[in-house]
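Notes follow the structure.
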Amino acid sequence: SRQHRRRFQQEKELLQRLHHQGIVRVIDSGIVNIKDSRPHLASQERPYFVMEFVDGLTLNEHASTQNLTALDRVIVLRAICDAVEYAHRRGVIHCDLKPDNILVDATGQPKILDFGIARLQDSVQDGKSDSKQFVGTYAYASPEQLRGATSALRPTTDVYSLGLVAHELLTGKHPRRRSGSLSVDLRSIRLGQPDAPLTQDDHDFQRALVVVLATALRKTRGQPYRSAGEMGSDLQQIHDIFSTRLGAAKQSWYEQFVSSLTTRLRPPTVPTADHARLLSAIFRKRIGLSGNESDFDARDDHGSR
127 SRQHRRRFQQ EKELLQRLHH QGIVRVIDSG IVNIKDSRPH LASQERPYFV MEFVDGLTLN
187 EHASTQNLTA LDRVIVLRAI CDAVEYAHRR GVIHCDLKPD NILVDATGQP KILDFGIARL
247 QDSVQDGKSD SKQFVGTYAY ASPEQLRGAT SALRPTTDVY SLGLVAHELL TGKHPRRRSG
307 SLSVDLRSIR LGQPDAPLTQ DDHDFQRALV VVLATALRKT RGQPYRSAGE MGSDLQQIHD
367 IFSTRLGAAK QSWYEQFVSS LTTRLRPPTV PTADHARLLS AIFRKRIGLS GNESDFDARD
427 DHGSR
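For the sequence shown, the residue numbers in our numbering are 127 to 431.
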């Protein structure tokens, strides 16, 4: 229809303006006529996008192949959050973030692809998107996507999916939905080798990441993430705190990659004495005033915030 063509043209023009190192670039797009083999049926129009080729592996394949440490994975997630935030600031909601839609190239740069079902935030809020239509992938969908509430899609929709992606990247397991709830379990994470004995730093690291994931998945009663940038900022602080605690003599290759990222990904170094205070601030802000895990809400039926 004329309306669908107009919406496609609008999305095409916007997506072609997304120029970010963490987003696969749109090279071309258009509409083709598909003729039905049955002569009595009319041909149908199908939109398409042509994306840049990325020679790399999917997110989880890359992490496994390169044997990334937990801290390495935190930084990968930080870079992904930065790319998602960039898209959101330009009005694009991806709506289908999942490990298979994130490739990591030979330099270690994650790149988000497949904006084929992306939504323009203005169109969603103006009610121009189809209502009661599921978009996305079930395993990584937000509550509002599962309800088919297209008009409720927001940047926080992608943040929720990032929480699911992060859990799987950090633990190797998806927090399966059971009886309408998600179980966030990061007890397998270690700062050092996966099979090393659990230390106090490991416990603190796990707790900090649980707070981030629980906040992304709307399982806390504190301040939710209003953007992917807020989630990325917490991840960056956690990385900086625990990489300093480790005091490793040599950087991993991913640590070296971090230093090559844009300076906005790297806040000023924080004195060690302030680490506990910063972690406590994250806990209080995201969980609630008590900073207690008992303030987590186990339900997975929240709407978009």
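We put the CB at the ideal spot given by N, CA and C, even for glycine.
Neighbourhood of residue i by C-beta, 8 angstroms cutoff - its chain only, sequence neighbours within 5 removed
i	result
residue 315	196, 296, 297, 328, 331, 332 and 335
residue 312	293, 296, 297, 332, 335, 336 and 339
residue 169	159, 160, 161 and 162
residue 396	Caution is warranted here: a pLDDT of 46 is assigned to residue 396, below 50, making its placement in the model unreliable, and the coordinate value is therefore given only provisionally. Excluding residues within five positions, the ones whose Cβ falls inside 8 angstroms are 363, 366, 367, 370 and 404.
For residue i, the nearest candidate out of the options (CA to CA)
i	options	result
residue 293	318, 128, 361 and 232	361
residue 215	347, 356 and 319	356
residue 184	287, 157 and 291	291
residue 369	157, 131, 189 and 199	199
residue 151	337, 141 and 159	141
residue 363	347, 350 and 337	337
residue 146	321, 319 and 205	205
residue 154	162, 144 and 160	144
residue 237	213, 201 and 180	180
residue 349	203, 408 and 133	408
residue 193	210, 225, 132 and 320	320
residue 171	247, 137 and 131	131
residue 233	308, 275 and 202	202
residue 134	324, 241 and 365	241
residue 182	138, 211, 239 and 139	239
residue 213	301, 310, 186 and 353	353
residue 189	365, 324 and 235	235
residue 229	259, 326, 308 and 187	187
residue 281	324, 217 and 325	217
residue 325	365, 351, 371 and 308	371
residue 247	299, 136 and 129	136
Own chain, CB closer than 6 angstroms to residue i, minus 5 neighbours either side, in chain order
i	result
residue 243	221, 222 and 261
residue 289	339, 342 and 343
residue 377	The pLDDT assigned to residue 377 is 48, lower than 50, so where the model puts this residue is not dependable, and the model offers no usable value.
residue 322	316
residue 210	284 and 354
residue 138	155
residue 287	223 and 266
residue 384	Because residue 384 sits at a pLDDT of 48, beneath the cut-off of 50, its placement in the model cannot be relied upon, and the point is left open.
residue 318	none
Close-in-space but distant-in-sequence residues of the same chain around residue i (CB under 7 angstroms, 5 per side omitted)
i	result
residue 156	174
residue 245	219, 221, 255 and 279
residue 283	219, 221, 268, 270, 271 and 430
residue 226	184
residue 191	183
residue 309	301
residue 468	The displayed coordinates of the chain run from 127 to 431. Any statement about residue 468 would go beyond what the structure contains.
residue 259	274 and 276
residue 231	180, 181, 182 and 237
Identity of the residues DSSP links to residue i by a beta bridge
i	result
residue 149	238
residue 193	According to DSSP, residue 193 bridges with nothing at all.
residue 173	157
residue 358	According to DSSP, residue 358 bridges with nothing at all.
residue 231	182
residue 246	218
residue 335	Answer is none; residue 335 lacks a bridge partner.
Contact test: residue i Cβ vs the ligand SAM heavy atom, cutoff 7 angstroms
i	result
residue 212	Of ligands this structure carries none, so the ligand SAM is not represented either.
Touch check for the region 262–280 and the region 172–183: three-plus C-beta pairs under 8 angstroms? no
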